[in-house]
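Visitor: Numbers 1 to 93, taken from UniProt numbering, label the letters of the sequence shown in order.
The beta carbon of each residue, even a glycine, is placed where N, CA and C say it ideally should be.
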Amino acid sequence: MLAVVYAFEKFWSYLIMNKCTVHTDHSILKYLFAKKDAKARLLRWVLLLQEFDFDVIDTKGAENLVADHLSRLEKPYENVLDPKEINETFTLE
């Protein structure tokens with residue numbers, strides 16, 4: 001949720017008069033606009049997001065491969081600690 005709010009604040013000048021689509025696995029974003037008794041921070045975010053014309057498409061995390069690619073890598077640091085050969089004969093010429 002905070003990432004969506006940050007993106008809309010950051011790219012406000014590009015998004016203010018354009019229709020856009022938000023793909024997220026955070027389904028609460030769709031229902032937040034209907035909720036009346038939210039905390040103050042959430043209400044501020046809703047007021048900010050109401051300025052924009054956007055659709056929210058809820059995508060399951062397993063289906064959203066682009067967003068979760070880095071978090072779903074298998075053994076990303078597998079060979080980091082492999083010993084490397086050091087060449088101790090370094091010529092200056």
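1) Hey, Leu-32 and Val-22: beta-carbon distance below 8 Å or not?
2) Thinking just about the alpha-carbon of each residue, which of Asn-18, Ile-16 and His-26 is nearest to the one in Val-4?
3) Short of 8 Å in beta carbon distance, which residues of its chain neighbour Leu-15, apart from the five on each side in sequence? Order them along the chain.
4) For Leu-2, count neighbouring C-beta atoms within 10 Å of its own C-beta (all shown protein chains included) and say buried if the count is 16 or more, exposed if not.
5) Taking C-alpha atoms, which residue in Tyr-6, Asn-18, Thr-24 and Met-17 lies nearest to Lys-60?
Guide: According to the data block:
1) As a position in the sequence shown, residue 32 is number 32, starting the count at 1. As a position in the sequence shown, residue 22 is number 22, starting the count at 1. Cβ distance not < 8 Å, so Leu-32 and Val-22 don't count as in contact.
2) As a working note, residue 4 is residue 4 in the sequence shown. When each option's Cα is compared against that of Val-4, the closest is His-26.
3) For the purposes of this step, residue 15 is identified with residue 15 of the sequence shown, where counting begins at 1. If we look at Leu-15 and ignore the five residues flanking it on each side, its Cβ neighbours are Phe-8, Phe-52 and Phe-54.
4) In the sequence shown, the residue the question calls residue 2 occupies position 2. Counting Cβ neighbours within 10 Å, Leu-2 comes out exposed, since fewer than 16 surround it.
5) Position 60 of the sequence shown, counted from the first residue, corresponds to residue 60. Closest by alpha carbon: Thr-24.
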